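Let me begin by presenting the structure, written as structure tokens, before commenting on it.
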Amino acid sequence: MAAKVQEAEQKKGSKARNREGEKGQWWPCEVKDSELRDLQNEGMISPHWSFMKDSVTPKPDPDERVLTKTWVERDLSLPCSEFFLSVLTTYGLQPHNICPNSYLLLSNFVTLCEGHLEIRPDIRLWQFFFRVKKETKDKAMVNCGSMTFMLRPGRMYPPHSSQESVRYWNAGWFYVKNIEVSNVHQGLPKFVNKPPEELGSWSLIPALAQYLELNKAARRISRLVHDGLTGTDLTLSWFSRRIQPLKYNPRLICEYTGVEDQLRVTRDNLPADSLKRRIKTLVKVIRGQPVPEIVMDIKINNQCPPLDTFAEEHFRAIIREPMSAEGAEEDPEDEDEEEKQAPKKAAPRIAKRPRAKVSGSEAGASGEASAKKAKIIKPPPLDSKKAERERLKLLANAGKESRPLIPGATSQKAPASRVNTQKKITKYLKVSPVVPPITPTPPAPHTPLLTRLRMKPNTPPSQLPKLHRKLFL
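Residues are numbered in my numbering as their position in the sequence shown, beginning at 1, plus a constant of 12.
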């Protein structure tokens, strides 16, 4: 009985999961066997996976790599793509150093390049659009989720609305066999359990003016955003077709042909309820609102025209593109706002007109004259008809009493004297009727006691009441 009471109190206390650990560190492994089997049946992971329940930190074998359930759901599968490896190499990262929401940004970027532009994703184009936000604790960089990719200010890029945070993602980790691609790459780098070191590439902004194709791609992306392309469209485009953009594929997404295409990780489509549930983990859906649908879909069946075939009207200017030839670097102290990088120019001062010096008496007189200036009467606000009439009255009478006297002028009227000629107003007074004086009435004569008692004057005292009998005796 006591155990049941204690269990009920724990459920009432909080729904949060109590675990040991700190922010930015690995949590004890809590992945379930059924969850990994579902990912295997959907074709997202290979059958060569394993995990150790309640292990504190990952310790894979030399031929194993560490993955998490959250990464796989956001499109990371083995063998990984060349673009994902270029991101790890350029920024000097391990997969666990990247926050989960950034995996979704990487997947959408690959879909944008391959499905709308018919080009391979380029790390320089990625650096032009996204910057690095460091995650620290006590001024030290954390190990898990060390950095987040954020869109640079002023960039025309499909707006993305993902989940604000993914809780306990670092508790669903497991081991999987590393997969190499012959003549391409050797798979993911070996697991190193430590935070990354900041590199110069974290603040580098490539100058796209040097690269004609990338410059056209950025201008084309600006045009697509102007036409209504969103990050939700990109997410639904690859998720509904069961494509993993961060997985190695020799073909582009725009070459997708249908259910039998090898770009799909599985030929089976998810049921409608599972599809909605999984979408809500990727895209932020307001409670009570329906699951969003695709508005601007990707180009498939090789119908995506190359960038060189577009006319000038299909491009749009890039906002605030760096003009330096060697590439610009951001100031690490002002990395949150790109606008602070350029120094603000001080507004030019207006030169004052020189004034002639005056004597003390003239200065005193001018000071007294300036002190006796008439107050400016502002018109009342136009909030009623009465205020409008007052305003028109002020405008009609403005300047009549302040005109200067011109000697010799014939049409000039003499100023009105300040004589009160107002007559008494008796038009609306009513004449009161004549009322005769009231004469006061004399008081009534004294009435004898016997009269007030309604008795005869010659009544003997013996016949009077007892109270009044004493008055006569």
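Just so it is clear, CB atoms sit at the ideal spot from N, CA and C, and this is done for glycine as well.
For clarity, every value in this text was computed on a predicted model and none was experimentally measured.
Segment limits, alpha helix (DSSP H) that includes residue i
i	result
residue 77	Careful: residue 77 lies outside any alpha helix (DSSP H), inside the beta strand (DSSP E) at 76-80.
residue 103	94-103
residue 144	Careful: residue 144 lies outside any alpha helix (DSSP H), inside the beta strand (DSSP E) at 142-146.
residue 60	Residue 60 -> no alpha helix (DSSP H), and no H or E assigned at all.
residue 313	Note, residue 313: premise wrong, no alpha helix (DSSP H); not H, not E.
residue 166	Unbroken run through residue 166: none, as it is neither H nor E.
residue 46	45-53
residue 252	243-252
Per-residue DSSP class, three states only, for residue i
i	result
residue 219	coil
residue 295	strand
residue 84	helix
residue 405	helix
residue 237	helix
residue 136	helix
residue 289	helix
residue 306	coil
residue 179	coil
residue 28	Low confidence applies to residue 28: its pLDDT is 45, below 50, so where it sits in the model is not reliable enough to give any reading.
residue 265	helix
residue 232	helix
residue 65	coil
residue 397	helix
residue 359	Only weak support is given to the placement of residue 359: the predicted model assigns it a pLDDT of 46, under 50, and the value that follows is read from those uncertain coordinates. In this structure, residue 359 counts as coil in the three-state DSSP scheme.
Beta-carbon proximity of residue i to residue j, cut-off 9 Å
i	j	result
residue 241	residue 302	no
residue 258	residue 119	yes
residue 254	residue 281	yes
residue 488	residue 101	Nothing can be reported for residue 488: it is not among the residues displayed for the chain, which extend from 13 to 485.
residue 128	residue 291	no
residue 189	residue 76	yes
residue 131	residue 294	no
residue 116	residue 87	yes
residue 223	residue 93	no
residue 112	residue 125	no
residue 42	residue 65	yes
residue 139	residue 218	yes
residue 91	residue 193	yes
residue 271	residue 187	no
residue 110	residue 153	no
residue 296	residue 173	yes
residue 230	residue 137	yes
residue 135	residue 89	no
residue 103	residue 252	no
residue 310	residue 246	yes
residue 317	residue 202	no
residue 200	residue 308	no
N- and C-terminal bounds of the beta strand (DSSP E) containing residue i
i	result
residue 117	Segment 112-124 is the alpha helix (DSSP H) holding residue 117; no beta strand (DSSP E) there.
residue 189	185-189
residue 328	Premise fails: residue 328 is in no beta strand (DSSP E) and is neither H nor E.
residue 163	159-163
Among the options, the one whose alpha carbon lies nearest that of residue i
i	options	result
residue 327	315, 130, 256 and 227	227
residue 161	148, 153 and 143	143
residue 57	153, 266, 81 and 407	81
residue 330	220, 251 and 312	220
residue 122	306, 265 and 402	265
residue 249	312, 229, 98 and 195	312
residue 284	450, 305, 300 and 183	305
residue 85	47, 299, 201 and 199	47
residue 166	149, 150, 145 and 141	141
residue 184	268, 44 and 397	44
residue 277	178, 49, 53 and 96	53
residue 151	103, 104, 405 and 36	36
residue 83	401, 147 and 182	182
residue 168	239, 300, 298 and 73	239
residue 55	269, 299 and 256	256
residue 322	225, 146 and 38	225
residue 145	178, 180, 279 and 215	215
For residue j and residue i, believed in contact at Cβ under 8 Å, the rounded distance
i	j	result
residue 156	residue 197	Going by Cβ atoms, the distance from residue 156 to residue 197 rounds to 24 Å, so no, they are not a contact pair.
residue 40	residue 67	7 Å
residue 195	residue 267	With a Cβ gap of about 21 Å, residue 195 and residue 267 do not count as contacting.
Residue i: CB within 8 Å of a non-hydrogen atom of the ligand HEM
i	result
residue 296	You won't find the ligand HEM in this model; it holds no ligand whatsoever.
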